[in-house]
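> Protein chains in written order, with this note's numbering: chain A, 11 to 227; chain B, 11 to 227. Dropping a structure here in structure tokens format, bear with me for questions.
Protein chains: 2
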Amino acid sequence: MTGNRPDTLVYLVDDEFAVRDSLTLLIESTGQAIRSFASAEVFLNNYDPERPGCLLLDVRMPSMSGLELQDELLRREISIPIIFISGHAGIPDSAKAFRAGAVDFLEKPFDNEKLLGRIEEAIKKDIANREQVSEHRKIQNRLNHLTVREQEVLSLIVRGYSNKEMAKILNISNRTIEAHRAHIMEKMQAESLAELMMMATHSSHNAPDNFSLAVRA
Amino acid sequence: MTGNRPDTLVYLVDDEFAVRDSLTLLIESTGQAIRSFASAEVFLNNYDPERPGCLLLDVRMPSMSGLELQDELLRREISIPIIFISGHAGIPDSAKAFRAGAVDFLEKPFDNEKLLGRIEEAIKKDIANREQVSEHRKIQNRLNHLTVREQEVLSLIVRGYSNKEMAKILNISNRTIEAHRAHIMEKMQAESLAELMMMATHSSHNAPDNFSLAVRA
DNA sequence: TAGACAATACGTATAAATACCTACTCCCGG
DNA sequence: CCGGGAGTAGGTATTTATACGTATTGTCTA
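So this is what it looks like as structure tokens:
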């Protein structure tokens, strides 16, 4: 039942061999690929950003701890969903983990079925997130190919101004606005105002007031 | 420093008088209003949905537990941010709480400053959430006042069809589309296509494909 | 320095949307 | 059974947006 998409990968980081061994067996038995690492450092050197999946992470480890790795991933803007697994952790650790975005925090020993369920959930989450991010990037990319002037015009379009109003605001001719507008539609690959709006607003995910910020980012 | 907006309220639910007493003193000292309750049941009977704030919730209590109250609030669609406070809880409890949306989970005894910080954060979150929800409701309300036909037309508008295309799709005249369109703009209180798009898409928070579902909900 | 691109602007023509108006039919509820 | 709203449609005039094409100026770069 667990997702056995061939392209997804479960990362397991735990310093104990026994844990790596048994979890590898468990997870592979569902058809889900898994790679395990004995330390956070090794994981960081082998993580493949292209591959959707999730991370099973031990809290207490020599050198870099699980929570530290979580911080490091945040810093590197790596958003792989993390399921913590721990033998001797306390509430403060779990709270920190969750507040930093962990999807779950399980105590060893845990119920195998529960773990598998959480893994599936985490992977789904990652896939959904990746789709959203890539869509966002695509649009952001087009946005960044607009000239500064075009971006200004776009931000006015999104706020609902007509060509005439924009011309007045920018102190340029109606014709020029039309030219910019046509270029914008072309560069953004939008077929209609509606499409353009969707791209401009959804991608920056902010109210139109803040749009100018988003478009320049 | 803690927000002392007169209209916000901290709810405290704990069966121990000593806890209620000391926390009340602490929180009132910052100028923040607080009301405490000895049980989940009493809280439920006295909760004021109009008042933004947050909930400090003890986990272990006679009768209904903190986690049960959290579930009940979810069931009642009451989305007040919850900060759990607990003396003898374990990781499973904290995990359950977080997965159900808790903003934090603190162990007694906790650092007063930390608690106050979390309260402030939670209240801000509630205020932001309430604003979003009320905006959403306002728009949803307008959406529901559209006739079925108008909703159909709106869903086509949002997908980027021109009047002519819509007329063809719905097998009605161009004029009728224009009439519907005018009614839609009026009822939705939109001044421009851009505004209309914002309302129609942001409120349903879904891709235009699914818009027809959202608009009928 | 020549060529590319951005920003500006004009002309003309067509297409689309908006703003007014009226009017018919159907169906539902008082 | 009658009034009113919804859905339909036509007329006319105006405003906007598009779609062509051309041209000037300035900046940046190969």
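Note that the Cβ used here is the ideal one computed from N, Cα and C, for glycine as well. A quick note: this is a predicted structure, and the numbers were derived from the prediction, not measured.
Under the three-state reduction of DSSP, which class applies to B/D58: helix, strand or coil?
DSSP places B/D58 in coil when its eight states are reduced to three.
> In this structure, how does DSSP classify B/D114 when only helix, strand and coil are distinguished?
Here B/D114 sits in strand by DSSP.
> Quick check on the DSSP output: what are the complete alpha helix (DSSP H) runs of length 4 or more inside the stretch 119-192 of chain B, in order along the chain?
122-154, 158-168, 173-180
> Mind listing the chain B neighbours of A/L203? Cutoff is C-beta to C-beta under 7 Å, in chain order.
L203
> Mind checking B/Q142: buried by the 16 CB within 10 Å criterion, or exposed?
With fewer than 16 other Cβ atoms within 10 Å, it is exposed.
> Quick check: the stretch 16-32 of chain B against the stretch 187-206 of chain B, are at least 3 beta-carbon pairs closer than 8 Å?
no
> To the nearest whole angstrom, what separates the beta carbons of B/D103 and B/V69, a pair I think is in contact under 8 Å?
6 Å
> Note down the Cα distance separating A/I187 from A/A210, rounded to an integer number of angstroms.
18 Å
> Short check: CB of A/M176 to CB of A/L166, under 8 Å?
yes
> Using a Cβ-Cβ cutoff of 7 Å, what residues of the stretch 69-82 of chain A are near chain B? List them in chain order.
For the stretch 69-82 of chain A, which is checked against every Cβ of chain B, not one residue is closer than 7 Å.
> Let me know if B/A110 comes out buried or exposed under the rule of 16 or more other beta-carbons within 10 Å of its beta-carbon.
exposed
> Are the stretch 73-88 of chain A and the stretch 81-94 of chain B touching by the rule of at least three beta carbon pairs closer than 8 Å?
no
> What's the gap between the Cα of A/R33 and the Cα of A/L116?
The amino acid occupying residue 33 of chain A in the given sequence is Leu; Arg does not appear at that position. Answer to the nearest angstrom: the Cα atoms are 13 Å apart.
> Among B/P62, B/I37, B/G41, B/L66, which has the Cα closest to the Cα of B/D25?
B/L66
> Could you check which residue in B/K135, B/I93, B/I101 has the C-alpha nearest to that of B/K124?
It is B/I93.
> Put A/V20 into one of helix, strand or coil per three-state DSSP.
Three-state result, A/V20: strand.
> Out of A/P119, A/E78, A/I194, A/R191, which has the shortest C-alpha to C-alpha gap to A/E51?
Selected option, being the one with the closest Cα: A/E78.
> Taking the CB atoms as reference points, tell me whether A/V29 and A/I129 lie closer together than 8 Å.
No.
> Of the residues that make up the stretch 111-127 of chain A, which ones have a beta carbon closer than 7 Å to any beta carbon in chain B?
D114, F115, E117
> Whole angstroms is fine: what's the gap from B/L180's alpha carbon to B/R159's?
10 Å
> Whole angstroms is fine: what's the gap from A/S49's alpha carbon to B/K106's?
28 Å
> Quick check: what's the CA-CA separation for A/K134 versus A/S144?
Going by C-alpha positions, A/K134 is about 15 Å away from A/S144.
> Tell whether a beta-carbon distance below 8 Å holds between A/M198 and B/M207.
no
> What do you get for B/S96, buried or exposed, if any count of 16 or more other CB atoms within 10 angstroms of its CB means buried?
buried
> Residue range of the alpha helix (DSSP H) that A/D68 falls in?
No alpha helix (DSSP H) holds A/D68; the beta strand (DSSP E) holding it covers 63-68.
> From A/D81, A/A192, A/E131, pick the residue whose C-alpha is nearest to that of A/Q161; which is it?
A/A192
> Quick check on the burial criterion: 16 or more other C-beta atoms within 10 angstroms. Buried or exposed for A/L22?
So A/L22 ends up on the buried side.
> Over the uninterrupted alpha helix (DSSP H) stretch that includes B/S246, give me the two end residues.
The question about residue 246 of chain B has no answer, for chain B in this structure spans 11 to 227.
> So, with DSSP's three-state summary, where would you put A/I37?
helix
> Excluding the five sequence neighbours on either side, which residues of its own chain have a C-beta within less than 8 Å of the C-beta of B/I44, listed in chain order?
L19, V20, Y21, L22, L33, T34, I37, E38
> CB A/G63 to CB A/D136, shorter than 8 Å?
yes
> Is A/R169 close to chain B, meaning its C-beta is less than 8 Å from at least one C-beta of that chain?
yes
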